[in-house]
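In short: position in the sequence shown from 1, add 2, done, that's the numbering used here.
C-beta: ideal position from N, C-alpha, C; glycine also.
Since the structure is predicted, the reported quantities are computational estimates derived from the model, not experimental observations.
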Amino acid sequence: MTTLLTPVFFHIVWCALLYALLTVARAPAVWGVGQSKNGSNPFHTIQLKISANLSNQFEWPIFFHIACVLLIATDEAIDGMQIYLAWVFVIGRVLHSIVQIFTDNIRLRGMVFTVNFIAVLAMWTLIFIGEIGL
């Protein structure tokens with residue numbers, strides 16, 4: 003169980019870091035800290051990207067977390083492939099954030115998202131196969 007809990011924890015930590023980054027990026031607009039000389043927020047563009055990425059952390063990743071909770075709740079030995087796929091997902095989420103926040107490369111962002119998407123689909127497929135006894 004603990005080996006599967008580790009990637010879940012890392013995704014939660016990643017989300018917390020994104021919240022902290024968003025807070026810093028919004029500071030000029032909210033608290034006036036770090037404003038440009040003309041009073042504008044120098045982080046306006048990146049703040050929008052961080053906010054969008056943070057929203058993305060609560061869309062497809064919910065299926066990852068549900069799969070992990072199901073696997074942990076069964077109290078059975080967790081297949082090494084599930085742990086591998088969980089790490090692929092979490093590393094992919096970090097890469098997705100980096101691409102979305104710091105570039106405008108939508109094609110690369112789509113490719114990174116596809117890796118995350120497939121990792122979670124594979125986790126669910128293995129759960130389903132295990133449930134029906136194939």
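Which of the three DSSP states, helix, strand or coil, is assigned to residue i?
i	result
Trp126	helix
Gly135	coil
Gln59	coil
Phe12	helix
Thr5	helix
Asn40	coil
Hey, could you find the ends of the alpha helix (DSSP H) residue i is sitting in?
i	result
Phe104	Gly82 to Phe104
With a CB to CB cut of under 6 Å and the five nearest residues on each side skipped, what residues in its chain are close to residue i?
i	result
Thr5	Ile85
Leu97	Val114
Ser99	Asn55
For residue i, collect the residues of the same chain with a Cβ closer than 8 Å to its Cβ; drop the 5 residues on either side in sequence, then sort them by chain order.
i	result
His67	Val10 and His13
Trp126	Phe65 and Ala69
Leu7	Cys70 and Ile74
Ser53	Leu24
Suppose you measure from the CA of residue i to the CA of residue j; what does that come to, to the nearest Å?
i	j	result
Cys70	Phe104	29 Å
Val122	Asn40	46 Å
Val117	Ala18	22 Å
Phe130	Thr47	42 Å
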